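Structure, as structure tokens:
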Amino acid sequence: MRFFIAGIMQGSHTVNHMHDQDYRHRIAQLLEEYFPGAEIYDPLAKHKTSLDYDQLTGREVFFRHNLMCREVDVLLAFIPEASMGTAIEMWEAHQHGAVILTISPMKHNWTVKFLSHGLYSDEAEFIAALSNGEVAGKIEAVLK
């Protein structure tokens with residue numbers, strides 16, 4: 210099973226700055242624990258200095274990651290606030306049959322609400338759903 214960790218990076222910052230990215234490691238560890246053997250892709254892992262990329266490199270990475278979202282089984286979106294890049298990734302994954310699991314308090318946002326197969330208000334709720342089998346059940350139901 211292939212997972213893509215999508216989530217806020219720059220958000221609404223108007224300067225060249227990134228939101229805290231610690232969530233990526235925590236989510237990857239959870240996915241490894243509950244889905245042993247899964248292939249987990251974190252776009253930031255290989256692009257830690259992406260804010261400093263030149264125009265051509267940044268564009269190439271941006272479009273490649275969006276294309277990757279067409280080929281995964283599950284996209285896990287971490288969006289504590291709006292993220293245009295994550296919305297695009299969610300759309301690409303959704304259009305190509307992937308399961309979209311979202312950790313976000315924005316339950317009324319149409320992108321979040323209508324593209325998510327599972328919506329968890331925070332990490333604690335997501336962990337509880339992992340523990341009780343709900344997440345695995347949603348994945349299985351959508352991928353049948």
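Counting in our numbering, the sequence shown runs from 210 upward without gaps.
A virtual CB, placed ideally from N, CA and C, is assigned to each residue, including glycine.
Note that the coordinates shown come from a computational prediction; the quantities given were computed from them, not determined experimentally.
Considering only their Cβ atoms, is the gap separating Glu248 from Arg279 smaller than 7 Å? Counting from one through the sequence shown, the residue named residue 279 turns up at place 70. Counting from one through the sequence shown, the residue named residue 248 turns up at place 39. Cβ distance not < 7 Å, so Arg279 and Glu248 don't count as in contact.
Return the CA-CA distance between Lys316 and Gly306, expressed in angstroms with no decimal places. Along the sequence shown, one-based indexing puts residue 316 at 107. Along the sequence shown, one-based indexing puts residue 306 at 97. The straight-line gap from Cα to Cα measures roughly 21 Å.
Bridge partners for Ile249 per DSSP, in chain order? On the sequence shown, residue 249 is found 40 positions in, with the first residue counted as 1. Paired residue(s): Phe212.
In the DSSP assignment, what are the bridge partners of Gly327? Stepping through the sequence shown from its first residue, residue 327 is reached at position 118. Beta-bridge pairing links Gly327 to Leu310.
Look up Val283 in the DSSP assignment and give the residues it is bridged to. The sequence position of residue 283 within the sequence shown is 74, counting from 1. Phe212, Val308, per the DSSP bridge assignment.
Which same chain residues end up closer than 7 Å to Ile177 when comparing Cβ atoms and leaving out the 5 residues on each side of it in sequence? Because the chain here runs from 210 to 353, residue 177 falls outside it and cannot be looked at.
With burial defined as no fewer than 16 other Cβ atoms inside 10 Å of the residue's Cβ, what is the status of Glu269: buried or exposed? One-based indexing of the sequence shown puts residue 269 at position 60. By the 10 Å Cβ count, Glu269 comes out exposed.
In whole angstroms, give me the CA-to-CA distance for Lys353 and Glu298. Taking the first residue of the sequence shown as 1, we reach residue 353 at position 144. Taking the first residue of the sequence shown as 1, we reach residue 298 at position 89. Looking at the two C-alpha atoms, the distance is approximately 22 Å.
DSSP state of Gly294 mapped onto helix, strand, coil: The sequence position of residue 294 within the sequence shown is 85, counting from 1. Correct three-state label for Gly294: helix.
Can you grab the Cα-Cα spacing for the pair Ala338 / Gly267, in whole Å? As a first step, residue 338 must be located in the sequence shown, where it is residue number 129. As a first step, residue 267 must be located in the sequence shown, where it is residue number 58. If you take the alpha carbons of Ala338 and Gly267, they lie about 35 Å apart.
Check whether Leu310 and Gly294 have beta carbons under 7 Å apart: For the purposes of this step, residue 310 is identified with residue 101 of the sequence shown, where counting begins at 1. For the purposes of this step, residue 294 is identified with residue 85 of the sequence shown, where counting begins at 1. Taking 7 Å as the Cβ cut-off, Leu310 and Gly294 do not qualify as a contacting pair.
Here's the rule: buried if 16 or more other CB atoms are within 10 angstroms of the residue's CB, otherwise exposed. What is Arg273? On the sequence shown, residue 273 is found 64 positions in, with the first residue counted as 1. Result: exposed.
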